[in-house]
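These notes are about the structure you will find just below.
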Amino acid sequence: MNDLREILRTQRTRAKRTRDQVGAAVGLSGASIAAFEQGRMIPQPDTAERLDEHFKTGDQIQRATREAREDARPTWLRPWTEHEQRATMLRCFEHSLIPGLLQTEGYTRALLASGRLPDEVIDRTTQVRRERQAATIDRPNPPMLSAVICEVALGYGPVDVMKGQLEHLIEVSRRPQVQILVVPRAAGLHPGLQGAFVLATLPARGRAVYLDDQLRGRSVTDGADVDELERSWEIVRGLALPVSLSQDLIMKAVNNHD
1 MNDLREILRT
11 QRTRAKRTRD
21 QVGAAVGLSG
31 ASIAAFEQGR
41 MIPQPDTAER
51 LDEHFKTGDQ
61 IQRATREARE
71 DARPTWLRPW
81 TEHEQRATML
91 RCFEHSLIPG
101 LLQTEGYTRA
111 LLASGRLPDE
121 VIDRTTQVRR
131 ERQAATIDRP
141 NPPMLSAVIC
151 EVALGYGPVD
161 VMKGQLEHLI
171 EVSRRPQVQI
181 LVVPRAAGLH
191 PGLQGAFVLA
201 TLPARGRAVY
211 LDDQLRGRSV
221 TDGADVDELE
231 RSWEIVRGLA
241 LPVSLSQDLI
251 MKAVNNHD
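Here the sequence shown is numbered in UniProt numbering, starting from 1 and rising by one per residue.
Set out below in structure tokens:
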């Protein structure tokens with residue numbers, strides 16, 4: 001990240017250009033250039049290419065951008081993102097939050113801000129999450145995504161943020177490869193309340209699981225552990241409302257946020 005920031009600042013100073021001027025040259029705002037130079041955001045690949053062309057730096061900025069993007073992903077997250085990008089099917093369960101792959105930017109930022117994290121950490125983490133979404137459910141030929149969410153998750157969050165988030169769930173659920181199911185409060189105790197998880201079905205019958213906690217997440221591939229979480233999945237999936245009734249419940253939550 002430091003290399004990218006230094007390269008951008010040095011090249012702009014050498015060219016005697018303001019941030020607004022550089023931004024205009026590559027189709028962005030001066031605020032975006034400032035965010036790159038301060039490490040709050042990382043340029044997208046096409047932006048890095050335009051910056052190299054503008055400063056005549058070959059592929060220096062593109063290489064630094066790739067390194068910065070890799071550095072921005074926590075070490076413990078990297079194995080899982082590789083599984084996500086290879087998966088043919090993803091099954092995720094969340095008891096109190098909206099699953100990461102289905103979060104809006106506003107929801108992600110509100111969630112991270114609740115932990116009183118520095119702005120630059122919030123910016124970078126939000127960008128990494130958006131890129132994970134782009135590489136999975138928004139990619140061509142996306143994996144089948146089946147998400148089971150507890151009803152309580154539909155009510156946590158600022159009113160202005162949650163209305164947009166819930167509307168996003170309704171919109172995404174209309175995609176042919178996305179299924180969103182809600183476990184009603186009346187379901188009572190169940191094994192999913194012990195923690196969120198994601199099951200990835202990989203090519204050649206491979207399987208992997210992602211588990212998250214307060215500090216970091218971890219990937220699990222041990223057969224016995226995966227089997228146990230498959231069992232938990234079947235239980236929570238069985239407790240969830242059918243697709244149409246789940247959509248009705250989400251829509252009711254949308255109306256409650258008016």
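All C-beta atoms in this analysis are idealised placements derived from N, C-alpha and C, irrespective of residue type, glycine included.
Original post:
Who are Leu51's beta bridge partners in DSSP?
Top reply: In DSSP, Leu51 forms no bridge with anything.
Subject >> Endpoints, the beta strand (DSSP E) within which Gly206 is located >> reply: Gly206 to Asp212
**OP:** Please determine, among Ala253, Val226, Glu151 and Arg218, the residue with the shortest C-alpha to C-alpha distance to Leu193.
**Re:** Glu151
Subject >> N-terminal and C-terminal residue of the beta strand (DSSP E) that Leu145 is part of >> reply: Met144 to Cys150
**OP:** Kindly indicate which three-state DSSP category Met89 falls into: helix, strand or coil?
**Re:** strand
Subject >> Anticipated Cβ contact below 8 Å, Gly157 with Ala110, distance rounded >> reply: 6 Å
Original post:
Can you tell me the Cα-Cα spacing of Asp212 and Ala15, whole angstroms?
Top reply: 45 Å
Original post:
Span of the alpha helix (DSSP H) holding Ser173?
Top reply: Val159 to Ser173
Original post:
Which value, in whole angstroms, describes the spacing of the CA atoms of Arg50 and Gly115?
Top reply: 35 Å
**OP:** Determine the contact status of His257 and Val172, defining contact as a CB-CB distance below 8 Å.
**Re:** no
Subject >> residue 271 versus Arg132, Arg63, Phe55 and Asp3, residue with shortest Cα-Cα distance >> reply: Missing from the structure shown is residue 271; the chain here goes from 1 to 258 and no further.
Original post:
For Leu229, which residues of its own chain have a beta-carbon under 7 Å away from its beta-carbon, when the five flanking residues on both sides are left out?
Top reply: Phe197, Leu199 and Val209
**OP:** Over the uninterrupted beta strand (DSSP E) stretch that includes Asp180, give me the two end residues.
**Re:** Checking the displayed sequence, the identity of residue 180 turns out to be Ile instead of Asp. It spans Val178 to Val183 - the beta strand (DSSP E) in which Ile180 sits, taken as one unbroken run.
Subject >> For Thr201, the three-state DSSP class (helix, strand or coil) >> reply: strand
Subject >> Candidates Asp225, His95, Leu169 and Ala253: closest to Ala187 by CA position >> reply: His95
**OP:** Note the first and the last residue of the continuous alpha helix (DSSP H) segment covering Gly27.
**Re:** Taken as a continuous stretch (DSSP letters only), Gly27 belongs to no alpha helix (DSSP H), as it is neither H nor E.
**OP:** Please work out which residues of its chain come closer than 8 Å, Cβ to Cβ, to Gln179, disregarding the five sequence neighbours upstream and downstream, and give them in chain order.
**Re:** Met144, Leu145, Ser146, Ala147, Ser173 and Val243
Original post:
Considering only C-alpha positions, which residue in the set Ser232, Gly223, Ile98 and Val26 is nearest to Arg205?
Top reply: Gly223
Subject >> Whole-angstrom distance between Ala64 and Met1, CA atom to CA atom >> reply: Model confidence at Met1 stands at a pLDDT of 47, short of 50, so the residue's coordinates are unreliable and nothing is read from them.
Subject >> Anticipated Cβ contact below 8 Å, His54 with Ala25, distance rounded >> reply: 5 Å
Original post:
Relative to the alpha-carbon of Gly238, which residue among Leu181, Asn255 and Arg207 has its alpha-carbon at the smallest distance?
Top reply: Leu181
Original post:
Where Gln165 and His190 are concerned, what is the direct C-alpha to C-alpha distance, given to the nearest angstrom?
Top reply: 26 Å
**OP:** Quick one: residues in its chain with C-beta nearer than 7 Å to the C-beta of Phe93, no 5 flanking neighbours on either side, listed in chain order?
**Re:** Val148, Gly192, Ala196, Phe197, Trp233 and Val236
**OP:** Sort Ile42, Thr88 and Met89 by Cα distance to Glu70 and report the nearest one.
**Re:** Ile42
Subject >> Residue span of the beta strand (DSSP E) that contains Ser219, given as start and end >> reply: Gly217 to Val220
**OP:** Measure the alpha-carbon distance for Arg73 versus Gly217 and round it to whole angstroms.
**Re:** 12 Å
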